[in-house]
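Each residue of the sequence shown is one higher than the last, beginning at 748 in the working numbering. Here a beta-carbon is modelled for each residue, glycine too, at the ideal position from N, C-alpha and C. Data block below; observations after.
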Amino acid sequence: QVQLVESGGGLVQPGGSLRLSCAASETIFSFYHMGWYRQAPGKERELVATITSDGTTNYAISAKGRFTISVNTKNTVSLEMNSLKPEDTAVYYCYADRRNGMMYWGKGTLVTVSS
Numbered sequence: 748q749v750q751l752v753e754s755g756g757g758l759v760q761p762g763g764s765l766r767l768s769c770a771a772s773e774t775i776f777s778f779y780h781m782g783w784y785r786q787a788p789g790k791e792r793e794l795v796a797t798i799t800s801d802g803t804t805n806y807a808i809s810a811k812g813r814f815t816i817s818v819n820t821k822n823t824v825s826l827e828m829n830s831l832k833p834e835d836t837a838v839y840y841c842y843a844d845r846r847n848g849m850m851y852w853g854k855g856t857l858v859t860v861s862s
């Protein structure tokens, strides 16, 4: 069973930065994509950013220019978030998928942007 464990969430002031990490129980090269979704209170879960094993990235419009997804080790992906806004407040979920469509999720880490 694939395990994804997020870390790095917390409380930050508007304009601040946070770095989220996701540690997978398998190497990223066994997945098609790894990345991050988020779910704000009362809203649907939405894609934030993804990365493939060859380094191809994709970002939501809301994340472009402020967030950076990267592979740190063979089984760790990070999300660097800068210029955070109150509307970035959400539970951030790490996910991974395979080419056959299987998807795996972490338990989530809460990011709160507030003064």
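Item: Residues of its chain near S777, where Cβ-Cβ distance is below 6 Å and the 5 sequence neighbours each way are ignored; Value: none
Item: Per DSSP, the bridge partner or partners of M781; Value: I798, A843
Item: Contact check, T774 vs K821, beta carbons under 8 Å; Value: yes
Item: Validate contact between the region 786 to 803 and the region 753 to 769 using beta carbons, cut 8 Å, 3 pairs; Value: no
Item: S862 versus T836: straight-line alpha-carbon distance, rounded; Value: 12 Å
Item: Member of N847, L826, V860, E834 whose CA lies at the smallest distance from the CA of E753; Value: L826
Item: Pairwise C-alpha distance: Y842 and E791; Value: 16 Å
Item: Beta-carbon proximity check, V860 vs K832, cutoff 8 Å; Value: yes
Item: Bridge-paired residues (DSSP) for E793; Value: R785
Item: Secondary structure of I775, DSSP reduced to three states; Value: helix
Item: CA nearest to the CA of R813, picked from M781, G763, G755, V749; Value: G763
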